[in-house]
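In our numbering, the protein residues as written are 352 to 492. These notes are about the structure you will find just below.
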Amino acid sequence: MNAYDDSNIFAKILRGEIPSTKVYEDADTLAFMDVMPQSPGHLLVVPKAASRNLLDAEPETLATLFPVVQKLARAAKEAFAADGIFIAQFNEAPAGQTVFHLHVHVIPRYDGIPLKPHGGGMEKPEILADHAAKLRAVLGA
Ligand code: 5GP
Numbered sequence: 352m353n354a355y356d357d358s359n360i361f362a363k364i365l366r367g368e369i370p371s372t373k374v375y376e377d378a379d380t381l382a383f384m385d386v387m388p389q390s391p392g393h394l395l396v397v398p399k400a401a402s403r404n405l406l407d408a409e410p411e412t413l414a415t416l417f418p419v420v421q422k423l424a425r426a427a428k429e430a431f432a433a434d435g436i437f438i439a440q441f442n443e444a445p446a447g448q449t450v451f452h453l454h455v456h457v458i459p460r461y462d463g464i465p466l467k468p469h470g471g472g473m474e475k476p477e478i479l480a481d482h483a484a485k486l487r488a489v490l491g492a
């Protein structure tokens, strides 16, 4: 199994070394907007505990992570009036993983509207801030 490397970008976000557009935080989990959203409202849910992905994560990490994924999926459906919510999680580079700290994508979907490509263009910071505010408003945070 590949080793965890704490120089990855999400570890830096968790340590506060680089900024993110935060949506939700508790003792175990941080959620923030994806800088290259595949759909408006695309966010990432990240456990604070270190693991590369699902394959090396402790079951306890998954047990605290997934209720937050559900909470944010429900919030995203309401905040963005989505028809559905796509949950995605990639394990190692051949499966599409580019950042090697476990994270779950929460992506609003709409009837008949295709997703933008994974890792496509950067969104404007003010748009990400507006989307995070919409989510926080639904969460009551
Ligand atoms: P994955 O590892 O699941 O393939 O995707 C990593 C995701 O992180 C991508 O959707 C990408 O847009 C997003 N991402 C990459 N760098 C950053 C960053 O510095 N900040 C944020 N908020 N998202 C990032």
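Think of the CB as a built atom: it goes at the ideal place given N, C-alpha and C, for glycine as much as any other residue.
Nearest residue (CA-CA) to residue i, options the options
i, options, result
"PRO468", "LEU423, SER390 and ALA378", "SER390"
"VAL455", "PRO465, GLN440 and TYR461", "GLN440"
"ARG460", "HIS482, ASP434, GLU477 and LEU479", "ASP434"
"ALA414", "ALA426, ALA427 and LYS399", "LYS399"
"LEU417", "LEU490, ARG366, THR380 and ASP407", "Leu is not the amino acid found at residue 417; the sequence shown has Phe there. Of the candidates LEU490, ARG366, THR380 and ASP407, the one whose C-alpha sits nearest the C-alpha of PHE417 is THR380."
"ASP481", "MET352, MET384 and ASP377", "MET384"
"ALA408", "MET352, MET387, ILE458 and LEU479", "MET352"
"GLY470", "LEU486, VAL450 and ILE478", "VAL450"
"SER402", "PRO445, MET387, LEU365 and VAL386", "LEU365"
"VAL457", "ALA446, LEU486 and PRO445", "LEU486"
"SER371", "GLY491, ALA492 and LEU479", "LEU479"
"ALA492", "GLU411, PHE437, GLU376 and PRO445", "GLU376"
"PRO465", "ALA444, PHE437, ALA446 and PRO445", "PHE437"
CB contact below 8 Å: residue i versus chain D
i, result
"LEU416", "Structure shown: chain D not included; a single protein chain is present."
8 Å CB neighbourhood of residue i in its chain, flanking five on each side removed
i, result
"GLY463", "none"
"LEU405", "LEU413, GLN440, ASN442 and LEU453"
Close-in-space but distant-in-sequence residues of the same chain around residue i (CB under 6 Å, 5 per side omitted)
i, result
"VAL489", "ALA426, GLU429 and ALA430"
"VAL386", "MET473"
"ILE369", "LYS363"
"PRO388", "GLU474"
Cβ distance (whole Å) where residue i is taken to contact residue j below 8 Å
i, j, result
"LYS363", "ALA483", "Wrong, their Cβ atoms sit about 19 Å apart, outside the cutoff."
"ALA382", "VAL397", "7 Å"
Residues of its chain near residue i, where Cβ-Cβ distance is below 7 Å and the 5 sequence neighbours each way are ignored
i, result
"GLN448", "ASN404, PHE441 and ASN442"
Query raised in the report: Counting pairs of beta carbons, one from the region 415–428 and one from the region 356–367, are three or more of them closer than 8 Å?
Result: no
Requested in this report: Would you check if there are 3 or more beta carbon pairs closer than 8 Å linking the region 385–404 to the region 464–480?
Outcome: yes
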